[in-house]
Amino acid sequence: YLNSPIDYLKGDQDSYYMDRFRKSKLIFCCGHGAYEEPMLNETYALKAVVEAKGIPAWFDFWGTDSKHDWDWWQKQIVYFMEKIII
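To convert, take the position in the sequence shown, counting from 1, and add 142; that gives the numbering used here.
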């Protein structure tokens, strides 16, 4: 429960934590490449829960050329860090 964001956020949460979530910068990234389908489905489900709870978050879905592997994670960290730091 506590290590499953979808299950955790579906429950009734203390307003203290919900306020903290709403003030945080949350970024979720998932590709449409090979082997991504289970993560893609779960990320869309998490997006629905986060939106229902009124938590602002950036869900970024990358294309079919992206893969669940180091070379893409390196591209993504550079991309997202530029958005966060600036």
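Every residue, glycine too, gets a C-beta built ideally from N, C-alpha and C.
Note that the structure is a prediction, hence the values are computed from the model and not measured.
Nearest residue (CA-CA) to residue i, options the options
{"i": "F170", "options": "L182, Y158, E179 and W200", "result": "W200"}
{"i": "L168", "options": "K217, Y177 and G196", "result": "G196"}
{"i": "S166", "options": "C172, Y158 and N145", "result": "Y158"}
{"i": "F203", "options": "M223, R162 and M181", "result": "M181"}
{"i": "T185", "options": "I227, S146 and K225", "result": "S146"}
{"i": "D154", "options": "N183, K189 and A194", "result": "A194"}
{"i": "L151", "options": "N183, S208 and K189", "result": "K189"}
{"i": "K209", "options": "D156, M160, E179 and N183", "result": "E179"}
Where residue i falls, given that 16 or more other Cβ within 10 Å makes a residue buried
{"i": "G205", "result": "exposed"}
{"i": "V192", "result": "buried"}
CB-CB length for residue i against residue j, believed under 8 angstroms
{"i": "R162", "j": "P198", "result": "At roughly 12 angstroms, the Cβ-Cβ gap does not stay under 8 angstroms, so R162 and P198 are not in contact."}
{"i": "I227", "j": "A187", "result": "30 angstroms between Cβ atoms; not a contact."}
The ligand GDP heavy atom lying under 7 angstroms from the CB of residue i
{"i": "L144", "result": "As presented, the structure is devoid of all ligands, the ligand GDP included, so that no description of it is given."}
CB contact below 8 angstroms: residue i versus chain D
{"i": "A199", "result": "Although the question refers to chain D, the structure presented lacks it and comprises just one protein chain."}
Check: Counting pairs of Cβ atoms below 8 angstroms between the segment 169-184 and the segment 211-226, do you hit three or more?
Finding: The way I'd put it, the segment 169-184 does touch the segment 211-226; three or more beta-carbon pairs between them come closer than 8 angstroms.
Check: Could you give the uninterrupted runs of the alpha helix (DSSP H) lying entirely in the segment 143-191, keeping only those of 4 residues or more?
Finding: Here the runs fully enclosed are 147-152 and 157-165.
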